[in-house]
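Residue numbers (our numbering): 232 to 313.
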């Protein structure tokens, strides 16, 4: 993996050719509520993107979503807080 610029679109472009990847990930995050196991988040994000995500790639996607906006920052904190 290359250096992270925390761009969700760029990170997903390195993993998938799905032009709707960013939208799918953000919609998935919006539908989640309460604390959730980080590995479950990785697996479910991988499923919506039709990928088997490594731990590093899953963490990278979550970091990119965290920095996407204040709304998504708060959502990721809510999801991984346990």
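Backbone N, C-alpha and C fix where the C-beta goes; we use that ideal spot for every residue, glycine too.
From a predicted model like this one, the values you see are computed outputs, not experimental measurements.
Segment contact, 8 Å Cβ cut-off, at least three pairs: the region 272-282 with the region 254-262: yes
Within the region 248-306, ranges of the alpha helix (DSSP H) (whole runs, at least 4 residues): 252-262, 269-279, 286-297
Residue 241 (DSSP reduced to helix, strand or coil): Sequence index remark: in the chain shown, residue 241 carries index 10 (1-based). If DSSP states are grouped into helix, strand and coil, residue 241 belongs with the helices.
Length of the line joining the Cα atoms of residue 268 and residue 237: Start at 1 with the first residue of the chain shown, and residue 268 comes out as number 37. Start at 1 with the first residue of the chain shown, and residue 237 comes out as number 6. Their backbone Cα atoms lie some 22 Å apart in a straight line.
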